[in-house]
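For reference, each letter of the sequence shown is one residue, going 70 to 491 in this note's numbering.
C-beta: ideal position from N, C-alpha, C; glycine also.
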Amino acid sequence: MSTTTTAPATGTAGLPLADRTSGLVGSVIDSSTSLLAKQTHDIVRFAMGSPAADAIPTAALAEVARTALGVDRADAFDYAATEGDLPLREALVDMLADTTDATALDRVTITSGGMQGLDLACKLFVDPGDVVAVESPTYTNGSATALSYQADLLEIPVDEHGMDVEDLRGQAERTGKTPTVIYTVPTFQNPSGASLSLDRRHRLLALAREWGAVVIDDDPYGMLRFAGDPVPSLHELAAGDPLVFSVRTFSKIIAPGLRVGWVDTDPSLQPLLISAKQAMDTCTNLPAQRLVEGFLRGGYLAEHLARTRTAYRERKEAMQEALTEHFGGMARWTDPDGGFFLWITFDSPENNTEIDAAIDTEALFEVALAHGVAYIPGNAFSPSRRFPDALRVCFATTPPARIHEGVARLRRAVDELAGAAV
Ligand SMILES: Cc1ncc(COP(=O)(O)O)c(C=O)c1O
70 MSTTTTAPAT
80 GTAGLPLADR
90 TSGLVGSVID
100 SSTSLLAKQT
110 HDIVRFAMGS
120 PAADAIPTAA
130 LAEVARTALG
140 VDRADAFDYA
150 ATEGDLPLRE
160 ALVDMLADTT
170 DATALDRVTI
180 TSGGMQGLDL
190 ACKLFVDPGD
200 VVAVESPTYT
210 NGSATALSYQ
220 ADLLEIPVDE
230 HGMDVEDLRG
240 QAERTGKTPT
250 VIYTVPTFQN
260 PSGASLSLDR
270 RHRLLALARE
280 WGAVVIDDDP
290 YGMLRFAGDP
300 VPSLHELAAG
310 DPLVFSVRTF
320 SKIIAPGLRV
330 GWVDTDPSLQ
340 PLLISAKQAM
350 DTCTNLPAQR
360 LVEGFLRGGY
370 LAEHLARTRT
380 AYRERKEAMQ
390 EALTEHFGGM
400 ARWTDPDGGF
410 FLWITFDSPE
420 NNTEIDAAID
430 TEALFEVALA
440 HGVAYIPGNA
450 FSPSRRFPDA
460 LRVCFATTPP
470 ARIHEGVARL
480 RRAVDELAGA
490 AV
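Here it is, written out as structure tokens:
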């Protein structure tokens with residue numbers, strides 16, 4: 070799978086394309102959904118960041134649908150308020166009370182998934198040529214959204230404590246490029262699984278205040294902690310500072326096909342958010358909002374989260390065991406305390422006791438697919454393609470026995486690729 074991004078040629082079909090189309094780089098992750106849908110052989114799917122099929126609470130959603138979307142509920146299929154259906158906004162505020170994302174009604178706007186939250190943030194804060202700092206590796210669709218608003222990206226390394234905030238300061242000073250926006254996935258990051266330490270959270274906020282930069286705090290996985298101690302969200306640490314724009318979603322904690330998320334911002338931004346959203350989609354899908362509201366009010370979430378956290382911990386451990394068995398001595402991987410992803414980096418040939426060749430994970434993709442396993446190559450997570458030797462796997466979607474099978478297939482693919490290289 071090539072992760073090279075290609076802009077449409079200017080004048081495609083003789084049409085006068087807008088300049089901004091050169092920033093439309095798309096998403097390798099999303100394209101993998103279509104690619105995999107076309108495959109007819111058995112594939113262990115570590116590619117998409119989807120909840121497990123058995124983690125979708127279908128029984129509860131069907132129960133809610135019976136009343137919330139029943140034959141006498143034509144109202145549930147009307148247009149909704151742009152800022153979100155009031156009963157859902159109220160249920161959301163109640164759900165978040167006593168969590169690190171505790172908030173108030175005038176701060177929340179319902180969006181069409183987390184992606185629309187990212188788009189709204191960039192629409193409000195990114196002008197062409199503005200510098201947006203992103204993690205490296207970063208969530209592809211987040212950097213792609215900034216690029217679609219013609220941002221100039223600054224890639225900041227990530228280690229086991231999250232984005233290297235001192236490097237961010239250093240790069241900004243060296244290059245003279247002060248970010249207007251800092252985009253971070255602070256908890257169980259996509260793709261590395263790393264979490265920004267408390268100290269770095271404080272330092273990031275201090276830097277943003279110093280620069281007057283907006284922090285896009287994109288945290289879809291924070292409620293999926295299965296190990297370690299909780300860290301306060303950037304939203305909580307900011308204590309109402311308007312510089313923090315928080316993006317959240319129900320995609321990972323209920324179901325991604327609902328396309329329901331929210332943004333939590335300073336109340337003064339809501340009129341602009343409403344105007345921006347009215348020019349995009351008028352309102353978020355109302356039947357989906359009613360389903361989510363019924364799910365929250367029905368008290369299903371707590372039990373659902375408890376069950377899925379346990380399953381995801383087992384799956385992460387299964388993935389690590391399988392990696393140790395098949396990739397010990399040739400690769401390193403991260404150890405997240407929650408979320409969906411592990412980031413695997415192959416050792417260079419000198420440090421690799423198993424194979425002599427460097428592993429190019431884009432070249433490996435086709436071989437792996439033929440062997441029946443899919444992942445996302447590392448370069449997809451860096452606009453400047455810094456991770457040819459890394460890859461992202463989602464452990465959340467696959468039961469432990471299948472995880473072992475998928476990792477065994479990946480090892481066979483690596484052996485085939487390495488054998489072909491020598
Ligand atoms: C970090 C991050 N932000 C945003 C999103 C998008 O969320 P949604 O599917 O709700 O649009 C995802 C989904 O994978 C994600 O991992």
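> Helix, strand or coil for Met292 per DSSP?
Replying inline: Three-state result, Met292: coil.
>> With a threshold of 6 Å (Cβ to nearest heavy atom), would Gly407 be considered close to ligand 1?
In response: It does not: the Cβ of Gly407 is nowhere closer than 6 Å to a heavy atom of ligand 1.
>> For Ser205 and Ser451, which I take to be in contact (beta-carbon distance under 8 Å), what is that distance rounded to the nearest angstrom?
In response: So it is a contact: roughly 5 Å between Cβ atoms.
> For Cys463, which residues from the same chain have a beta carbon less than 6 Å from its beta carbon, with the 5 sequence-adjacent residues on both sides left out?
Replying inline: So the qualifying residues of the chain are Phe115, Gly118, Phe409 and Phe410.
>> Can you check which of these residues, Lys192, Ala220 and Ala149, is closest to Leu338 by C-alpha distance?
In response: For Leu338, the nearest C-alpha among the options comes from Lys192.
>> Taking the straight line between their C-alpha atoms, what separation do you get for Val316 and Thr422?
In response: Linking Val316 to Thr422 through their CA atoms gives a straight-line distance of about 43 Å.
>> So, under 8 Å CB-CB, Pro126 and Ile323 are touching, yes? Tell me the CB distance rounded to an integer number of Å.
In response: Taking C-beta atoms under 8 Å as the contact rule, Pro126 and Ile323 qualify, at a distance of about 7 Å.
> Does at least one heavy atom of ligand 3 sit under 6 Å from the Cβ of Val201?
Replying inline: Of the ligands one can find in the structure shown, namely ligand 1, none is ligand 3.
> Mind checking Leu174: buried by the 16 CB within 10 Å criterion, or exposed?
Replying inline: Result: exposed.
> Where Ile285 and Arg481 are concerned, what is the direct C-alpha to C-alpha distance, given to the nearest angstrom?
Replying inline: Their Cα atoms are separated by approximately 40 Å.
> Can Thr81 be considered in contact with ligand 1, in the sense that its beta carbon sits closer than 6 Å to one or more heavy atoms?
Replying inline: The answer is no for Thr81.
>> Can you tell me whether Gln347 is buried or exposed? The criterion is at least 16 other CB atoms within 10 Å of its CB, across all chains shown.
In response: Classification of Gln347: exposed, given that the 10 Å Cβ count is below 16.
> Do Lys246 and Pro289 have their CB atoms nearer than 7 Å?
Replying inline: Contact: no.
>> Can you check which of these residues, Ser266, Leu104, Gln108 and Leu138, is closest to Phe364 by C-alpha distance?
In response: For the residues Ser266, Leu104, Gln108 and Leu138, the minimum Cα distance to Phe364 belongs to Leu138.
> Is there at least one non-hydrogen atom of ligand 1 closer than 6 Å to the beta-carbon of Gly367?
Replying inline: Because no heavy atom of ligand 1 lies under 6 Å away, the Cβ of Gly367 does not count as near it: no.
> Alpha carbon to alpha carbon, what distance is there between Asp154 and Leu161?
Replying inline: So the alpha carbons of these two residues sit roughly 11 Å apart.
>> If you reduce the DSSP assignment to three classes, tell me which class Ser453 lands in.
In response: Coil.
> Under 7 Å, do Arg176 and Pro336 count as touching if we go by C-beta distance?
Replying inline: It is a contact, given that the beta carbons lie within the stated cut-off.
> Taking the alpha carbon of Val24 as the point to measure from, which residue in Leu189, Tyr369, Ala241 and Leu273 has its own alpha carbon closest?
Replying inline: Summary: the structure shown does not reach residue 24, with the chain confined to residues 70 through 491, and so no result is reported for it.
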